[in-house]
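Visitor:
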Amino acid sequence: MKDLPKHACAYCGIHDPACVVYCNTTKKWFCNGRGNTSGSHIINHLVRAKAKEVTLHKDGPLGETVLECYNCGCRNVFLLGFIPAKADSVVVLLCRQPCATLSSLKDMNWDPSQWQPLIQDRQFLSWLVKVPSDQEQLRARQISAQQINKLEELWKENPEAKLEDLEKPGVDEEPQQVLLRYDDAYQYQNIFGPLVKLEADYDKKLKESQTQDNIVVRWDVGLNKKRIAYFRLPKANEEMKLMHGDELRLRYLGELHKPWSGVGHVIKIPDNYSDEVAIELKSNAGVPVECTLNFVVDFVWKSTSFDRMQAALKTFAVDETSVWGYIYHKLLGHEVEDAVIKCQLPKRFTAAGLPELNHSQVYAVKTVLQRPLSLIQGPPGTGKTVTSATIVYHLVKQGNGPVLVCAPSNIAVDQLTEKIHKTGLKVVRLCAKSREAIDSPVSFLALHNQIRNMDSMPELQKLQQLKDETGELSSADEKRYRALKKQCEKELLQHADVICCTCVGAGDPRLAKMQFRSVLIDESTQATEPECMIPVVLGCKQLILVGDHCQLGPVVMCKKAARAGLSQSLFERLVVLGIRPIRLQVQYRMHPALSAFPSNIFYEGSLQNGVTAAERTRKTLDFPWPQLDKPMFFYTTAGQEEISSSGTSYLNRTEAANVEKIATRFLRSSIRPEQIGIITPYEGQRAYVVQYMQYSGALNKKLYQEIEVASVDAFQGREKDFIILSCVRSNEHQGIGFLNDPRRLNVALTRARYGIIIVGNPKVLSKQPLWNHLLTYYKEQKCLVEGALNNLKESLIQFSKPRKLVNTTNPGGRFMSNTMFDAREVLIPGSVYDRCGSKPAGKGFNSNFSTGVNIRDPMVRPHDQLSYIASDRNFAANSLNLPVPVGMFMSPMPHFQNQQGQQQQQQTSGNAVGRGSGLRKNRPGRQKPPRYSTTQQQNVTQQNVAQASQSQASQEVSQAFSQGPLTQGQLSMSQPFQMSQPGLSGLSQPELSQDSFLGEDFKSQADGLLSQDSTYQGDRMFYASQLSQGPFH
């Protein structure tokens, strides 16, 4: 390899001048061959390095050419395409938008409808850059996708790094994995602290790399006399989500004014009406309003949220009073006697001002009031918010001080605040200072606005008026103003019944001195664990987590942190620990025909319909549903996917055109634009659809502007009357990326009230088992169609039938287990997360497997780590057969059956109340929670339960499991019951697949196995009871 020419591919060494391309940004050469990866090496590199401009080799057939648009000179290869000329053998390169859509092209003998991108299926077209032959690729250096990722990371630090440098010690070390149980809060902090830091560092790097120059500014003045700057950000990076309240710094670099820089909060983000961003400046001093050109925008990274997470982890570890002992032990996964809260149950559970509750909601409210720790699972449209608000109402009526209500996002907090306010309680909405200028439906409840309207402080009101009129106060006045304001804030907060804020907002210094006995966290499955801990450590004695682990989880940007388990929510871990969520079961959103598939696949068929088909049918709607009684269809579309201009997302122009036709048809049949939602998993498609509808839509542009077009992830928690879902993916080699995540599909299918239309390519989608079920379902319902909208015909497309779902009670279990990245997988030897180094070799395992932990290709999914399971990981799900949702709904811990159990109970219950007699006091020696006291340890060892102390658990489990069949009943406490051992009771693997999980033949085997050792009855009891009772009803 030493004597390769300069222009050899930096990955594999191929150096045929016709096959290589130069990256203008990183000054390296790459070939157009795929090698062992799904895209060509040059495309892989451009995407990873966020580079977009290239030059061909001088000795290649086209000479030394920089690829650029013939019309505007744009050099972004992801935007470039070509139109073959009608007359000569010439091609013209044009960018997709706007040059390829110009009407003047027609006069010049070019046909714009013939435009095709230069990159297809993640490879440059072969007439432009030759694809190396298979022989050449086999002779070249073999490099895996995983090595490519690591090499790209190394190049960011050291551009000269070579592939050999990856072997050096210390390169790319993975952080410690999250656990299922923790010895104590110190171990908890030691594992989560580094993950929060990884995410913070990644976030900082990302934000600070986003500086944009040559910005043109338009100035204005807001109602509060503050200066507002409007500007456009040239093609913002899709990883960079601008949000209301973010801080940006604007700097002036021109000649017309002395250098200036000012910081402001974002008050407007790009929308369908304009792609302008607006920031409100903090100070009006010296603003160069006469200048409009030569500005630079920087993102101001704020560490607040990460600091608060770290502070909460620390408080949890060192402060006795931060959380009640029972909850402390439960959160760490220790065994404690179940506690009941003595409370006066209300006669009527429905709260004043809120809708009447149904039976499952009443059950949830009743149970939650009596338990110190509860999980409520609210599938789509089941009235989670109403239930949460009702619970809060009753908690306040118990008279145990103010209730703290949190959620990870501001939108979720606002929705819940609105509902709680209807019950007549005194609610204060606490906002971050940076969001005070942003309007919301509950602005009048926000602390800063309530202070403005307090009549008891005339002096403060005078000062406020003066400040509003003049913009500034004298320093003495300012000081007085702040003191009075602080006094008012304290007063309002202390007199409130309920305080609502985001999870991170709960770390606000204004709440620092307060104690909250009851804490409710809504949408808790979208928060990371450390985020959830911020409200918990404010003295919590009763914790209610509301969420749905079958919908999308928290977004973790840093892949390393996500792989280590930061992307698993606290709710999910507690479910795995056997805390059974109370599930709400009546859905009020969807037409019954729309709820059937999600209910059967994701919720074991347990969703009941609270609305009838008649209530969800538009009598007057003139729309070509293939089946009149089923307002749904899958519209077969065969266009090619293309990489979007950012290089990190996809779009599909044929699908966009079909989406526009459907939207137009809805608008023509008098559906209002705000009743329609267009969702797609890809940001590239979202942006393209917005543009396409406005420029090419048949109706008035204004109508299309009012249709909301969003990503699936952004639509979680929302609904529209009609949903159009564009799937985008359509290719030969790439698979379907993060459409693979069952939770993303669940969210997408459950947003519509009256009707849903899916636009996609069944040939590509049907290769994935879950989509195969969906397509088969649509086909059986005669809703898989093709052709013109006014003449839809059943599609004749053939695809392989899905495997029969034997276990009808819980069909979705198989799909969910593929993706639920959770602590169980950490404990299975040879699984993707096994850190013992003992990787099983042999058939069925990908060859990359031996190289390390994770064979995930981050390219395919920009954010949600749970989203994508590469083909090489799929074996993990099938061969390990983790029985996920059935075993996840477990009955509360049964009492121990024998004397030793009672002994344990006494010890445990004695210790559970404070954080443990003798547990917290002798800090240095505080190794074990009371669950593992010495006397028990002997018993435990004698009885052959592989659970001496948590730290050894995972090693012991791996030993137990590497010995083959489970004959000695060596079930460790931290190991949910496995059914993957081929030797187990002589059942072969296929017979033990999850489908037949509840088969009769299996019950007796499992019961036998479970009854062999009666010391520890905890986890086993509910598996045994689970097997005899059938699934959770």
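Just add 1338 to wherever you are in the sequence shown, counting from 1, and you've got our numbering.
Where is the CB? At the ideal position from N, CA and C, for every residue including glycine.
Work out the CA separation of residue 1499 and residue 2115 for me, nearest whole Å.
Guide: Here the question's residue 2115 lines up with position 777 in the sequence shown. Here the question's residue 1499 lines up with position 161 in the sequence shown. Computed Cα separation, rounded: 51 Å.
Visitor: Counting only runs that start and end within the segment 2064-2126, where is the beta strand (DSSP E) found for 3 or more residues in a row?
Guide: Qualifying beta strand (DSSP E) stretches, in chain order: 2090-2098 and 2122-2124.
Visitor: Please classify residue 1832: is it buried, with 16 or more other beta-carbons within 10 angstroms of its beta-carbon, or exposed?
Guide: Looking up residue 1832 in the sequence shown gives position 494. Counting Cβ neighbours within 10 Å, residue 1832 comes out exposed, since fewer than 16 surround it.
Visitor: Under the three-state reduction of DSSP, which class applies to residue 1818: helix, strand or coil?
Guide: Numbered from 1 along the sequence shown, position 480 holds the residue referred to as residue 1818. If DSSP states are grouped into helix, strand and coil, residue 1818 belongs with the helices.
Visitor: Is residue 2386 buried or exposed, if buried means 16 or more other CB atoms sit within 10 Å of its CB?
Guide: The structure shown does not extend to residue 2386, since the chain is modelled only from 1339 to 2371, so the question has no answer here.
Visitor: Ignore the nearest five residues each way along the sequence and tell me which others in residue 2041's own chain have a CB closer than 7 Å to its CB.
Guide: Along the sequence shown, read from residue 1 onward, the residue named residue 2041 stands at position 703. Answer for residue 2041: 2005 and 2011, listed in chain order.
Visitor: Leaving out the 5 sequence neighbours to the left and right, which residues in its chain are closer than 7 Å to residue 2135 when beta-carbon positions are compared?
Guide: Locating residue 2135 in the sequence shown gives position 797, counting from the first residue. Closer than 7 Å at the Cβ level, and outside the excluded window around residue 2135, lie 1974, 2100 and 2101.
Visitor: Is it a yes or a no for the segment 1368-1382 touching the segment 1460-1474, going by three-plus beta-carbon pairs under 8 Å?
Guide: Verdict: yes, contact present.
Visitor: Grouping DSSP H, G and I as helix and E and B as strand, with all else coil, what is residue 1908?
Guide: On the sequence shown, position 570 is the one that residue 1908 refers to. Of the three classes helix, strand and coil, the one that applies to residue 1908 here is helix, per DSSP.
Visitor: Taking C-alpha atoms, which residue in 1707, 2038, 1669 and 1672 lies nearest to residue 1680?
Guide: Counting from 1 along the sequence shown, the entry for residue 1680 is found at position 342. The shortest C-alpha separation from residue 1680 is found at 1707.
Visitor: Can you tell me which of 1996, 1491 and 1567 puts its alpha carbon nearest to the alpha carbon of residue 1622?
Guide: Residue mapping note: residue 1622 aligns to position 284 of the sequence shown, counting from 1. Of 1996, 1491 and 1567, the residue nearest in Cα terms is 1567.
Visitor: Hey, quick one: how far does the alpha helix (DSSP H) through residue 1871 stretch, first residue to last?
Guide: The sequence position of residue 1871 within the sequence shown is 533, counting from 1. Here the alpha helix (DSSP H) through residue 1871 covers 1867-1874.
Visitor: Determine the extent of the beta strand (DSSP E) in which residue 1481 is found, giving its start and end residues.
Guide: On the sequence shown, residue 1481 is found 143 positions in, with the first residue counted as 1. That residue, residue 1481, is in no beta strand (DSSP E); it is neither H nor E in DSSP.
Visitor: If we count the other Cβ atoms within 10 Å of its Cβ and call it buried at 16 or more, is residue 1838 buried or exposed?
Guide: Position 500 of the sequence shown, counting from 1, holds the residue named residue 1838. Buried, since its Cβ has 16 or more Cβ neighbours within 10 Å.
Visitor: List in chain order: all unbroken beta strand (DSSP E) runs of 3+ residues lying wholly within the segment 1703-1769.
Guide: Runs of the beta strand (DSSP E) inside the segment 1703-1769: 1711-1715, 1741-1745 and 1765-1767.
Visitor: Decide if residue 1361 is buried, meaning its Cβ has at least 16 other Cβ atoms within 10 Å, or exposed.
Guide: Here residue 1361 corresponds to residue number 23 of the sequence shown, with the count starting at 1. Its Cβ being crowded by 16 or more others within 10 Å, residue 1361 is buried.
Visitor: Have a look at residue 1893 and residue 1903 and give me their C-alpha separation to the nearest angstrom.
Guide: Within the sequence shown, the letter at position 555 stands for residue 1893. Within the sequence shown, the letter at position 565 stands for residue 1903. So the alpha carbons of these two residues sit roughly 12 Å apart.
Visitor: Measure the C-alpha to C-alpha separation of residue 1743 and residue 1687 and round it to an integer number of angstroms.
Guide: On the sequence shown, position 405 is the one that residue 1743 refers to. On the sequence shown, position 349 is the one that residue 1687 refers to. So the alpha carbons of these two residues sit roughly 19 Å apart.
Visitor: For residue 1955 and residue 2014, what's the separation of their Cα atoms in angstroms?
Guide: Numbered from its first residue, the sequence shown carries residue 1955 at position 617. Numbered from its first residue, the sequence shown carries residue 2014 at position 676. Each residue's Cα considered, the two are about 15 Å apart.
Visitor: Using CA coordinates, which residue listed in 1984, 2129, 2077 and 1387 is at the minimum distance from residue 1497?
Guide: Within the sequence shown, residue 1497 is the residue found at index 159, counting from 1. Ranking the options by Cα distance to residue 1497, first place goes to 1387.
Visitor: Quick one: residues in its chain with C-beta nearer than 8 Å to the C-beta of residue 1604, no 5 flanking neighbours on either side, listed in chain order?
Guide: Numbered from 1 along the sequence shown, position 266 holds the residue referred to as residue 1604. Around residue 1604: 1580, 1581, 1582, 1583, 1584, 1585, 1586, 1615, 1616 and 1617.
Visitor: Indicate whether the contact test is met: 3 or more Cβ pairs, each with one atom in the segment 2089-2100 and one in the segment 2059-2075, closer than 8 Å.
Guide: Yes: at least three Cβ pairs fall under 8 Å.
Visitor: Could you spell out where the alpha helix (DSSP H) holding residue 2024 opens and where it closes?
Guide: The residue labelled residue 2024 in the question sits at position 686 within the sequence shown. Segment 2021-2034, the alpha helix (DSSP H) holding residue 2024.
Visitor: Along the chain, where does the beta strand (DSSP E) containing residue 1586 start, and where does it finish?
Guide: To locate residue 1586, count along the sequence shown from 1; it is residue 248. Start and end: 1585-1590.
Visitor: Residue 1750 and residue 1861 look like a contact to me (Cβ under 8 Å); what is the Cβ gap, rounded to whole Å?
Guide: Taking the sequence shown and counting its residues from 1, the one referred to as residue 1750 is at position 412. Taking the sequence shown and counting its residues from 1, the one referred to as residue 1861 is at position 523. Between residue 1861 and residue 1750 the Cβ distance is about 5 Å, and since that is below 8 Å, they are a contact.
Visitor: Could you say which of 1628, 1697, 1551 and 1501 lies nearest to residue 1557 if we only look at CA atoms?
Guide: Here the question's residue 1557 lines up with position 219 in the sequence shown. When only C-alpha atoms are compared, the closest one is 1628.
Visitor: In this structure, how does DSSP classify residue 1471 when only helix, strand and coil are distinguished?
Guide: Translated into the one-based positions of the sequence shown, residue 1471 becomes position 133. Three-state DSSP puts residue 1471 in coil, outside helix and strand.
Visitor: Would you say the segment 1923-1935 touches the segment 1947-1962, given that touching needs at least three Cβ pairs under 8 Å?
Guide: Yes, since at least three Cβ pairs between the segment 1923-1935 and the segment 1947-1962 fall closer than 8 Å, the two stretches touch.
Visitor: Less than 7 Å between C-beta atoms, sequence neighbours within five positions excluded: which residues of the same chain meet that for residue 2120?
Guide: One-based indexing of the sequence shown puts residue 2120 at position 782. Within the same chain, residue 2120 has close Cβ partners 1964, 1965 and 2132.
Visitor: From this set, 2016, 1991, 1990 and 1989, which residue's C-alpha is nearest residue 2386's C-alpha?
Guide: This structure gives no information on residue 2386, because the portion of the chain shown stretches from 1339 to 2371.
Visitor: Mark residue 1434 as exposed unless 16 or more other C-beta atoms lie within 10 angstroms of its C-beta, in which case mark it buried.
Guide: Start at 1 with the first residue of the sequence shown, and residue 1434 comes out as number 96. The residue in question, residue 1434, is buried, as its Cβ has 16 or more Cβ neighbours within 10 Å.
Visitor: Have a look at residue 2170 and residue 1347 and give me their C-alpha separation to the nearest angstrom.
Guide: The residue given as residue 2170 occupies position 832 in the sequence shown. The residue given as residue 1347 occupies position 9 in the sequence shown. Annotation note: pLDDT 40 at residue 2170 (below 50); position unreliable, no value reported.
Visitor: Apart from the five residues on each side of it in sequence, which residues of its chain come closer than 6 Å, Cβ to Cβ, to residue 1844?
Guide: Position 506 of the sequence shown, counted from the first residue, corresponds to residue 1844. Result list for residue 1844: 1744, 1872 and 1873, in chain order.
Visitor: Quick one: residues in its chain with C-beta nearer than 6 Å to the C-beta of residue 1941, no 5 flanking neighbours on either side, listed in chain order?
Guide: Here residue 1941 is taken as the residue at index 603 of the sequence shown, counted from 1. Result list for residue 1941: 1717, in chain order.
Visitor: If you run the structure through DSSP and keep just helix, strand and coil, what is residue 2004?
Guide: Within the sequence shown, numbered from 1, the residue matching residue 2004 stands at position 666. If DSSP states are grouped into helix, strand and coil, residue 2004 belongs with the helices.
Visitor: Helix, strand or coil, according to DSSP, for residue 1541 in the structure here?
Guide: What you label residue 1541 is simply residue 203 of the sequence shown in a count that begins at 1. It is helical.
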